[in-house]
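In the working numbering, the protein residues as written are 1 to 507.
Even for Gly, the Cβ is constructed at its ideal location relative to N, Cα and C.
Working notes, beginning with the structure itself.
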């Protein structure tokens with residue numbers, strides 16, 4: 001917020017300038033606005049009603065009850081002095097207590113923004129009132145969050161940004177104005193800069209001086225000068241409102257051939273060159289002028305330059321003009337020439353029919369000269385070797401990384417093959433018992449074979465004797481041959497010989 005006061009006598013003409021940023025409106029993120037408020041609007045608001053807050057609902061309401069005297073927030077006037085109140089320190093307690101609970105006014109000061117800037121965040125503002133040849137103008141110096149200063153002017157409620165200065169890489173924190181010296185003191189987190197409020201020598205001709213709309217500068221007929229410390233004479237001209245160069249300047253375009261030197265470039269054939277063209281005003285338009293025969297060899301660059309491709313047409317001239325409010329100004333003049341090749345330099349010789357030359361290698365005993373041709377066989381061989389080594393290394397690494405899963409896969413395959421191709425092993429039958437009785441068909445109890453492997457608990461069906469196992473003498477053991485157990489190293493499931501038959505154990 002900046003308060004512009006014309007003087008003590010004209011204090012009612014005081015204007016309040018403020019910068020506002022969009023904090024909640026997501027559709028205009030990082031946008032800023034500059035608004036102004038007059039003293040009359042502020043006085044009407046302070047002479048209106050107050051607002052009070054309901055402490056239970058925490059909502060604000062309009063206060064419609066009587067207001068204590070002297071009026072809270074008002075300046076000390078003659079009525080207050082008659083009550084022996086000469087300063088705010090002598091205010092009654094009821095007035096001070098009223099101000100504690102009613103510090104907000106009910107009237108809203110409405111104002112239209114003077115300047116709205118998108119994708120820019122304003123941080124500080126100062127305003128200087130400048131007296132020109134015809135009227136006064138308010139010049140605004142606004143700081144941004146990226147270290148720039150925008151110099152703006154308010155002309156009939158319309159804002160113009162007439163200059164942009166880059167000072168820092170971080171946000172502008174403070175701006176102080178010294179109107180007497182014509183200096184700005186700008187600070188950031190990294191330093192302080194001193195900047196003049198005007199630099200009229202930067203405008204090189206009448207058109208730039210008038211189109212700048214700078215109230216500090218005027219055209220004297222020969223150059224652009226600062227009018228603050230020198231009384232402007234009758235022939236000093238300035239047009240801040242319309243910036244009409246037709247009435248003040250000679251708007252005939254300068255072609256630049258006599259007064260603007262041509263910058264020459266010599267390019268090899270079929271090469272290109274980017275010709276730059278920098279505008280001196282953001283409101284100006286860029287115009288390139290060249291022969292129509294060069295249309296096929298020119299292209300526009302994103303920054304406004306011109307891409308020229310060298311051709312055999314010889315020399316071409318390219319001019320870049322700036323156009324603003326019917327004022328044309330030559331910014332750049334280029335002369336592009338194609339470098340002469342060897343064929344062009346030997347055109348003085350008589351022309352001979354062109355012949356197609358080919359080289360053949362004929363068989364001969366003599367050593368014939370052969371053209372040495374560069375091949376890439378060695379490079380190709382090296383690349384193939386490196387590629388093969390890379391593939392092998394990657395395969396070995398893949399096998400090593402998945403070695404455990406591959407072992408499991410191979411074991412499962414061997415187990416399935418063993419089950420399909422398992423040979424039948426014929427074991428001779430047991431001899432008859434000593435008592436001569438025939439061994440019954442049912443097998444005996446072989447529970448002793450249940451713990452054949454630590455990893456499996458195998459059980460075999462019980463074979464009961466129909467005579468409860470009393471058909472043979474317990475004192476005379478059977479002449480049984482030794483039983484055999486087959487355990488495959490690849491398949492952990494054992495095979496058990498039970499009597500005269502071989503069966504797989506049940507897990």
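Please report the straight-line C-alpha distance between residue i and residue j, rounded to a whole angstrom.
| i | j | result |
| --- | --- | --- |
| residue 339 | residue 332 | 22 Å |
| residue 67 | residue 54 | 18 Å |
| residue 149 | residue 19 | 14 Å |
| residue 177 | residue 125 | 10 Å |
| residue 238 | residue 155 | 14 Å |
| residue 4 | residue 153 | 14 Å |
| residue 225 | residue 182 | 14 Å |
| residue 209 | residue 65 | 60 Å |
| residue 215 | residue 12 | 24 Å |
| residue 81 | residue 236 | 53 Å |
| residue 162 | residue 273 | 33 Å |
| residue 59 | residue 52 | 8 Å |
| residue 240 | residue 130 | 12 Å |
| residue 139 | residue 301 | 36 Å |
| residue 265 | residue 164 | 33 Å |
What is the residue span of the alpha helix (DSSP H) that residue i lies within?
| i | result |
| --- | --- |
| residue 207 | 206 to 211 |
| residue 397 | 377 to 401 |
| residue 96 | 93 to 101 |
| residue 33 | Premise fails: residue 33 lies in the beta strand (DSSP E), 32 to 38, not in any alpha helix (DSSP H). |
| residue 245 | 245 to 248 |
| residue 83 | Premise fails: residue 83 is in no alpha helix (DSSP H) and is neither H nor E. |
Taking the alpha carbon of residue i as the reference point, which residue from the options has its own alpha carbon closest?
| i | options | result |
| --- | --- | --- |
| residue 146 | 156, 5, 170, 126 | 170 |
| residue 298 | 35, 317, 166 | 317 |
| residue 86 | 42, 264, 404, 75 | 75 |
| residue 33 | 323, 266, 383, 114 | 114 |
| residue 284 | 242, 310, 211 | 211 |
| residue 334 | 199, 288, 166 | 288 |
| residue 242 | 109, 326, 223 | 326 |
| residue 62 | 137, 128, 105, 200 | 105 |
From what residue to what residue does the beta strand (DSSP E) around residue i run?
| i | result |
| --- | --- |
| residue 226 | 224 to 226 |
| residue 275 | 272 to 275 |
| residue 333 | 327 to 338 |
| residue 54 | 50 to 54 |
| residue 512 | It is not possible to answer for residue 512, since the shown part of the chain is limited to 1 through 507. |
| residue 218 | 217 to 219 |
| residue 128 | 122 to 131 |
| residue 241 | Segment: none, residue 241 is in no beta strand (DSSP E) and carries neither H nor E. |
| residue 278 | Looking at the DSSP string, residue 278 is not in any beta strand (DSSP E), and its letter there is neither H nor E. |
| residue 59 | 59 to 63 |
What does the Cβ neighbour count give for residue i, buried or exposed, with the cut at 16 atoms within 10 Å?
| i | result |
| --- | --- |
| residue 92 | exposed |
| residue 213 | buried |
| residue 477 | Since pLDDT at residue 477 reaches only 44, below the 50 mark, its modelled position is unreliable, and no value is offered. |
| residue 70 | buried |
| residue 577 | The structure shown has nothing for residue 577, since the chain only spans 1 to 507. |
| residue 102 | buried |
| residue 310 | buried |
| residue 390 | exposed |
| residue 378 | exposed |
| residue 329 | buried |
| residue 361 | Reliability fails at residue 361, whose pLDDT of 35 lies under 50, so the model's placement of it is uncertain and the value that follows must be treated cautiously. Residue 361 comes out exposed. |
| residue 324 | buried |
Report whether the distance from the Cβ of residue i to the nearest heavy atom of the ligand HEM is below 7 Å.
| i | result |
| --- | --- |
| residue 51 | Because no ligand of any kind appears in the structure shown, any question about the ligand HEM cannot be addressed here. |
Any beta carbon of chain B sitting closer than 8 Å to that of residue i?
| i | result |
| --- | --- |
| residue 52 | Absence of chain B from the displayed structure is noted, only one protein chain being present. |
Task: Continuous beta strand (DSSP E) assignments of at least 3 residues falling wholly in the stretch 147 to 212 - done: 148 to 155, 158 to 166, 174 to 178, 183 to 187, 192 to 196
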